[in-house]
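Chemist: Numbering (our numbering), first residue to last: 75 to 588. Ideal Cβ positions, reconstructed from N, Cα and C, are used throughout, including at glycine. What follows is a single structure, and I will ask about it in a moment.
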């Protein structure tokens with residue numbers, strides 16, 4: 075800790091026990107879709123697979139059912155809740171698609187007594203991360219989340235996205251975090267939710283200032299890139315050195331041929347294994363390779379923050395990093411206000427919304443950050459909303475990470491500042507309603523498609539089917555304007571709806587190549 079580093083995974087020891095109600099798994103109703111775990115803001119709902127040996131030593135009360143899915147026939151499945159880490163938000167129960175709910179909210183005290191030992195046993199189970207395609211809803215939830223038990227508000231709209239990112243790429247993630255809500259729930263020392271898997275690998279996280287997060291992350295990228303170039307030079311030297319063993323030379327050559335994709339991780343593990351062998355450990359050249367072996371894996375760079383950072387205070391840096399062509403990913407959790415400082419208006423705040431500095435409703439339209447970035451032509455851009463389309467969210471994350479250039483993902487994130495009338499228990503459902511009403515649009519701008527003769531702009535939203543203004547009235551940030559200044563509200567709500575329709579028409583035209 076003297077060098078500024080903190081141990082990871084310390085939130086697992088807090089066991090706050092703050093939930094008034096906790097979900098109870100109804101095993102007979104469960105269809106094993108994984109949606110409950112997928113939407114959990116605090117990573118307290120988990121899917122566990124048990125092999126035959128683990129099943130034999132499980133407590134008698136630890137009920138499981140035969141796992142469904144390709145490659146899962148030999149396993150039993152259990153949905154387990156960590157009762158002392160759950161915040162009781164209820165999103166898991168709300169989202170469950172089973173005809174009869176497989177998760178039902180129950181009073182906390184009996185649930186804690188019944189489930190705390192089950193959770194402890196679940197923590198002894200072997201991780202099974204290679205059994206299913208992690209880029210599916212269920213497959214992703216069979217991967218241990220490497221961001222867990224954070225201190226965000228119950229029902230937070232930001233944390234499910236970052237938790238999912240750690241399940242997809244967490245073993246090799248480098249995170250630069252802008253100051254804001256995500257830096258508070260992400261690292262309120264000594265409570266660190268970022269953690270490691272059974273191999274000791276997980277996200278590396280750092281926070282600089284509010285205004286320079288993109289530049290800070292870009293510096294991480296450039297610095298590690300320089301070290302990696304040195305490592306490549308040593309690897310080339312080693313492959314040409316015939317005094318070295320053929321096995322290590324072959325492994326290094328394979329790595330040199332493919333070190334810029336996720337598959338480099340397998341080559342990297344093999345090289346580290348070979349470097350540890352006695353016949354290699356006393357070779358000066360290989361010792362130098364070993365010193366830099368942490369840089370064998372292709373790192374996945376994610377610069378994350380809220381709309382206050384991306385649209386406003388840090389926009390200059392964000393734009394600069396996008397312009398460099400660097401292979402980095404910028405992730406914006408768009409709450410449409412400065413959430414951490416109390417709900418001030420940002421350039422992301424839509425017209426008509428009430429926020430601090432806009433008590434009579436914001437009079438100007440929302441900035442189109444995604445489209446501005448897409449004008450570069452070589453930037454991957456996606457606008458997502460987890461609750462509206464689970465698969466589009468995962469697809470956008472996968473495409474962004476694999477794209478060999480800059481990527482910008484903008485994620486709709488409901489917040490307590492919105493004042494959702496039905497409460498934060500429905501925050502994930504609110505994302506779905508936002509898209510259905512045409513308030514938020516889903517799309518992907520994928521530059522690679524141009525090289526295949528296809529339109530790079532993919533509109534993933536359907537024609538809006540819900541009532542736009544009824545959606546607005548479902549949130550206090552809008553309804554209070556109608557209560558206080560009804561004439562202003564009518565004018566601004568009409569303006570907001572018209573603006574949203576014009577945006578959708580523009581996206582449709584782009585989809586049609588016009």
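For residue 231, which option in 460, 475, 565 has the closest C-alpha, if you only look at C-alpha atoms?
Modeler: In the chain shown, residue 231 corresponds to position 157, counting from 1. Here the closest residue by C-alpha is 460.
Chemist: For residue 252, report the span of its beta strand (DSSP E) as first-last.
Modeler: The residue labelled residue 252 in the question sits at position 178 within the chain shown. Segment: none, residue 252 is in no beta strand (DSSP E) and carries neither H nor E.
Chemist: Are residue 213 and residue 287 close, meaning C-beta to C-beta below 7 Å?
Modeler: Reading the chain shown from its first residue, position 139 is the one you call residue 213. Reading the chain shown from its first residue, position 213 is the one you call residue 287. For residue 213 and residue 287, no; Cβs fall outside 7 Å.
Chemist: So which of 383, 93, 316 has the shortest CA-CA distance to residue 182?
Modeler: For the purposes of this step, residue 182 is identified with residue 108 of the chain shown, where counting begins at 1. Nearest of 383, 93, 316 to residue 182, Cα basis: 93.
Chemist: If you draw a straight line from the alpha carbon of residue 348 to that of residue 322, how long is it in whole angstroms?
Modeler: Mapped onto the chain shown, residue 348 falls at position 274. Mapped onto the chain shown, residue 322 falls at position 248. Whole-angstrom Cα-Cα distance: 6 Å.
Chemist: Under 8 Å, with one C-beta from each stretch per pair, do the segment 185–199 and the segment 258–267 reach the 3-pair mark?
Modeler: Contact fails: fewer than three Cβ-Cβ distances are below 8 Å.
Chemist: Leaving out the 5 sequence neighbours to the left and right, which residues in its chain are closer than 8 Å to residue 559 when beta-carbon positions are compared?
Modeler: As a working mapping, residue 559 is identified with position 485 in the chain shown. Closer than 8 Å at Cβ, skipping near neighbours: 434, 435.
Chemist: Going by the CB atoms, is the gap between residue 431 and residue 404 shorter than 7 Å?
Modeler: The residue labelled residue 404 in the question sits at position 330 within the chain shown. The residue labelled residue 431 in the question sits at position 357 within the chain shown. No. Outside cutoff.
Chemist: Please go through the segment 185–269 and give each complete beta strand (DSSP E) segment of 3 or more residues, from N-terminal end onward.
Modeler: The segment 185–269 contains these whole beta strand (DSSP E) runs: 247–251.
Chemist: Note down, one range per segment and in chain order, each alpha helix (DSSP H) of at least 4 residues found wholly within the segment 287–366.
Modeler: Those alpha helix (DSSP H) runs which fall completely within the segment 287–366 and span 4+ residues are 287–313, 320–331, 338–349, 352–355, 358–365.
Chemist: Which word fits residue 87, buried or exposed, when buried means at least 16 other C-beta atoms lie within 10 angstroms of its C-beta?
Modeler: Within the chain shown, residue 87 is the residue found at index 13, counting from 1. That one is exposed.
Chemist: At the level of alpha carbons, what is the spacing between residue 202 and residue 161?
Modeler: On the chain shown, position 128 is the one that residue 202 refers to. On the chain shown, position 87 is the one that residue 161 refers to. So the two alpha carbons sit approximately 27 Å from each other.
Chemist: If you drop the 5 nearest sequence neighbours on each side, which residues of the same chain put their C-beta closer than 6 Å to that of residue 144?
Modeler: Residue 144 sits at position 70 when you count from the first residue of the chain shown. So no residue of the chain qualifies.
Chemist: On the DSSP bridge list, what partners appear for residue 514?
Modeler: As a working note, residue 514 is residue 440 in the chain shown. Partner(s): none; residue 514 has no beta bridge.
Chemist: By Cβ distance below 6 Å, which residues in the same chain neighbour residue 519 in space, the five residues on each side in sequence not counted?
Modeler: Counting from 1 along the chain shown, the entry for residue 519 is found at position 445. Excluding positions up to five away in sequence, the list reads 448, 455, 530, 531.
Chemist: Take every Cβ of the segment 540–553, pair it with every Cβ of the segment 568–582, and state whether three or more of those distances are shorter than 8 Å.
Modeler: With the cut-off at 8 Å, the segment 540–553 and the segment 568–582 touch.
Chemist: Please classify residue 200: is it buried, with 16 or more other beta-carbons within 10 angstroms of its beta-carbon, or exposed?
Modeler: To locate residue 200, count along the chain shown from 1; it is residue 126. Residue 200 is exposed by the Cβ-count criterion.
Chemist: Given a cut-off of 7 Å on the beta-carbon distance, is the pair residue 219 and residue 241 in contact?
Modeler: Locating residue 219 in the chain shown gives position 145, where the first residue counts as 1. Locating residue 241 in the chain shown gives position 167, where the first residue counts as 1. Taking 7 Å as the Cβ cut-off, residue 219 and residue 241 qualify as a contacting pair.
Chemist: Report yes if the CB atom of residue 97 is closer than 7 Å to the CB atom of residue 140, and no otherwise.
Modeler: The sequence position of residue 97 within the chain shown is 23, counting from 1. The sequence position of residue 140 within the chain shown is 66, counting from 1. Taking 7 Å as the Cβ cut-off, residue 97 and residue 140 do not qualify as a contacting pair.
Chemist: Keeping to the same chain, check which residues put their C-beta closer than 6 Å to that of residue 550; ignore five residues upstream and five downstream.
Modeler: Residue numbering aside, residue 550 sits at position 476 when the chain shown is read from its first letter. Excluding positions up to five away in sequence, the list reads 493.
Chemist: Measure the CB-CB distance between residue 312 and residue 330 and report whether it falls below 7 Å.
Modeler: As a first step, residue 312 must be located in the chain shown, where it is residue number 238. As a first step, residue 330 must be located in the chain shown, where it is residue number 256. No; because the gap between Cβ atoms is not below 7 Å, this pair is not in contact.
Chemist: Using the DSSP secondary-structure output, state which residues sit across from residue 179 in a beta bridge.
Modeler: Locating residue 179 in the chain shown gives position 105, where the first residue counts as 1. 97.
Chemist: Grab the span of the alpha helix (DSSP H) containing residue 551 for me, first residue to last.
Modeler: As a first step, residue 551 is located in the chain shown; it is residue number 477 there, counting from the start. Its alpha helix (DSSP H) spans residues 550–558.
Chemist: Could you give the first and the last residue of the continuous alpha helix (DSSP H) run that contains residue 156?
Modeler: Taking the chain shown and counting its residues from 1, one reaches residue 156 at position 82. Careful: residue 156 lies outside any alpha helix (DSSP H) and carries neither H nor E.
Chemist: Below 7 Å CB to CB, which residues in the same chain sit around residue 516 once its five sequence neighbours on both sides are set aside?
Modeler: The residue you call residue 516 lines up with position 442 of the chain shown. Cβ within range, chain order: 457, 458, 459, 462, 463, 466, 509, 534, 535.
Chemist: Name the residue from 303, 301, 354 whose alpha carbon lies nearest to the alpha carbon of residue 48.
Modeler: The requested residue 48 does not occur in the structure, where the chain is confined to residues 75 to 588.
Chemist: Does the Cβ of residue 185 have 16 or more other Cβ atoms within 10 Å, making it buried, or fewer, making it exposed?
Modeler: Counting from one through the chain shown, the residue named residue 185 turns up at place 111. Looking at its Cβ environment, which holds 16 or more other Cβ atoms inside 10 Å, residue 185 is buried.
Chemist: Give me the Cα-Cα distance between residue 370 and residue 119, rounded to the nearest whole angstrom.
Modeler: Walking along the chain shown from the start, residue 370 turns up at place 296. Walking along the chain shown from the start, residue 119 turns up at place 45. So the alpha carbons of these two residues sit roughly 33 Å apart.
Chemist: Using 8 Å as the cut-off, can you tell me whether the segment 480–493 makes contact with the segment 392–404, which would need three or more C-beta pairs spanning the two stretches below that distance?
Modeler: Touching, yes.
Chemist: Taking CB distances under 7 Å as the criterion, tell me whether residue 312 reaches chain B.
Modeler: Annotation note: the requested chain B is absent from the structure, which comprises a single protein chain.
Chemist: Give me whichever residues DSSP pairs with residue 541 in a beta bridge.
Modeler: Locating residue 541 in the chain shown gives position 467, where the first residue counts as 1. Per DSSP, none; premise fails for residue 541.
Chemist: Let me confirm a value: residue 116 is counted as buried when at least 16 other C-beta atoms fall within 10 Å, else exposed. Which label applies?
Modeler: Walking along the chain shown from the start, residue 116 turns up at place 42. Classification for residue 116: buried.
Chemist: Which full runs of the beta strand (DSSP E) of 3+ residues lie inside the segment 387–451, going along the chain?
Modeler: Runs found: 403–408.
Chemist: Considering residue 119, what are the terminal residues of the alpha helix (DSSP H) in which it resides?
Modeler: Position 45 of the chain shown holds residue 119. Unbroken run through residue 119 is the beta strand (DSSP E), 119–124; no alpha helix (DSSP H).
Chemist: Buried or exposed, going by whether 16 or more other CB atoms sit within 10 Å of the CB of residue 109?
Modeler: Reading the chain shown from its first residue, position 35 is the one you call residue 109. Residue 109 comes out buried.
Chemist: State yes or no: is the C-beta of residue 114 within less than 7 Å of the C-beta of residue 176?
Modeler: Taking the chain shown and counting its residues from 1, the one referred to as residue 114 is at position 40. Taking the chain shown and counting its residues from 1, the one referred to as residue 176 is at position 102. For residue 114 and residue 176, no; Cβs fall outside 7 Å.
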